[in-house]
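Numbering (UniProt numbering), first residue to last: 1 to 194.
We treat Cβ as the ideally placed atom computed from N, Cα and C, and that holds for glycine.
Structure first, then comments.
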Amino acid sequence: MTVGGCTFSSDDVVIKSPTDRRLYRYIQLQNGLCALLVHDPEIYADGPLEQSKTPGVSEEEEVEDEDEDEGDEDGEDSEDDEDEEDDEEEEGEGEEDDNGETKTKEKKGASQTKQAAAAMCVGMGSFSDPFEAQGLAHFLEHMLFMGSTDFPDENEYDSYLSKHGGSSNAYTEAEHTCYHFDVKREFLKGALRR
């Protein structure tokens, strides 16, 4: 899919730590929204897992490759979960036993715990509330998760994320409101559609 607008690589946009191996790309969509795409090559360090069809999952809901993150047709900003590195133990980190010797902990399944994530921030917050409807921005934050035209069932979004190992949240501040979610990588496209 061709994305309109300008694109910048990580060197132009993000100041990275030398230990940060993620790849960053900033794009501006044709509708004016900006997106920061983040790719973590350590998710599948041993190569991509086989893309087997999950029973009961339609082809629309399966992600074929990492380029699906770039297909932000809904204008949502995509980024990997920023808390990922806090959840992992570093290889070689150990603990001492009774004899003072260090036992090395191994990273087992660390790549399986990482998930795909997306976030969207809009420039409307509590300061934008009309005088006669204080709290409107916060109320609308909650309404976004209640359903849509394509998926009208109440709590369809939350149900989809829960069934596929994900979660969502949002917060309203003075000048902006942010929505974010994470889900297993193969279900990212379905979550973005909802």
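Item: Is it buried or exposed for M120, if we count other Cβ within 10 angstroms and need 16 for buried?; Value: buried
Item: For a test of the three-state rule: what should DSSP assign to S168, helix, strand or coil?; Value: strand
Item: For R185, does the three-state DSSP call read helix, strand or coil?; Value: helix
Item: Starting from H39 and walking both ways along the beta strand (DSSP E), at which residues does that stretch end?; Value: C34 to H39
Item: Pick from G135, I43, S128 and S159: whose alpha carbon is nearest that of H176?; Value: S128
Item: Where does Q30 land, buried or exposed, given buried means 16+ other C-beta within 10 angstroms?; Value: exposed
Item: Let me check understanding here. Comparing Cα to Cα, which of L140, S148 and P152 lies closest to A170?; Value: L140
Item: Applying the criterion that 16 or more other CB atoms from any shown protein chain within 10 Å of the CB defines a buried residue, is G92 buried or exposed?; Value: Confidence in G92 is poor, its pLDDT being 34 and thus under 50, which makes the residue's placement unreliable; the coordinate value appears in the next sentence. The residue is exposed, with fewer than 16 neighbouring Cβ atoms inside 10 Å.
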